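See structure below.
Numbering (this note's numbering), first residue to last: 11 to 198.
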């Protein structure tokens, strides 16, 4: 994807001034995704944006710096309450698997649903319908999920091969399926 210079400049400036409490390693790992998300928003799409899964807040801050009026949802909005207050972002709790979105229908021009869908315990069709109903007519859903062909994923697969580990991660799946409540959402 071709990243516009305005987006790259904004992200460069943000990177140069990351606050001490920011998750610097997380930012380095996800920098390209943040650039791609900002570049994917069509010019003139509107400024009312919903970010689903706002923690740790780096993308949220980039959206605010890009000129969006951002609202957010997360399982644990209290984790970064000081940041949401500083940014002027209202973040409401939402368990996508079991609850209706806490924002009214037709409220947003854009919805950013990035690196969250793979955490859902239930098939995402109902969640996607609920999310879609929050867009204004002609609004945009920008959705990403981890790329299995990403270098880190390929290296993990290579390590599995070299260490004779099975590709079927049955034990990990069973462990995940046995997790209760919101502990399930910390795994992929």
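Yeah, the Cβ is synthetic: ideal placement off N, Cα and C, and Gly gets one too. Model, not experiment: these values are computed from the prediction.
If we call anything under 8 Å between Cβ atoms a contact, is residue i one with residue j?
| i | j | result |
| --- | --- | --- |
| residue 139 | residue 130 | no |
| residue 77 | residue 60 | no |
| residue 144 | residue 118 | yes |
| residue 90 | residue 67 | yes |
| residue 45 | residue 80 | no |
| residue 87 | residue 102 | yes |
| residue 48 | residue 99 | no |
Nearest CA to the CA of residue i: which residue from the options?
| i | options | result |
| --- | --- | --- |
| residue 10 | 148, 133 and 89 | One cannot answer for residue 10 here, as it falls past the ends of the chain, which runs 11 to 198. |
| residue 108 | 125, 114, 16 and 85 | 85 |
| residue 39 | 153, 50 and 125 | 125 |
| residue 75 | 65, 106 and 19 | 19 |
| residue 56 | 65, 106 and 146 | 146 |
| residue 142 | 165, 106 and 132 | 106 |
Ignore the nearest five residues each way along the sequence and tell me which others in residue i's own chain have a CB closer than 7 Å to its CB.
| i | result |
| --- | --- |
| residue 28 | 34 and 37 |
| residue 65 | 84, 86, 89 and 90 |
Using only the alpha-carbon positions, how far apart do residue i and residue j sit?
| i | j | result |
| --- | --- | --- |
| residue 41 | residue 151 | 20 Å |
| residue 73 | residue 111 | 20 Å |
| residue 116 | residue 12 | 30 Å |
| residue 120 | residue 69 | 14 Å |
| residue 31 | residue 174 | 39 Å |
| residue 52 | residue 171 | 41 Å |
| residue 50 | residue 153 | 10 Å |
| residue 43 | residue 165 | 19 Å |
| residue 26 | residue 95 | 22 Å |
When burial is assigned at 16 or more other CB atoms within 10 Å of the CB, is residue i buried or exposed?
| i | result |
| --- | --- |
| residue 104 | buried |
Can you give me the Cβ contacts of residue i inside the same chain, cut-off strictly under 8 Å, excluding the 5 residues immediately before and after it?
| i | result |
| --- | --- |
| residue 71 | 24, 93 and 97 |
Here's a check: name, in chain order, each residue in its chain whose Cβ is nearer than 6 Å to the Cβ of residue i, leaving out the five neighbours to either side.
| i | result |
| --- | --- |
| residue 127 | 134 and 155 |
| residue 227 | Not covered by the structure: residue 227. The range shown for the chain is 11 to 198. |
| residue 15 | none |
| residue 132 | 107 |
Taking 7 Å as the cut-off, is the C-beta of residue i nearer than that to any heavy atom in the ligand MN?
| i | result |
| --- | --- |
| residue 100 | Ligands in the displayed structure: none, and consequently the ligand MN is not present. |
I want to see whether chain B comes within less than 8 Å of residue i, judged by CB atoms only; does it?
| i | result |
| --- | --- |
| residue 123 | In the displayed structure, chain B is absent; only one protein chain is listed. |
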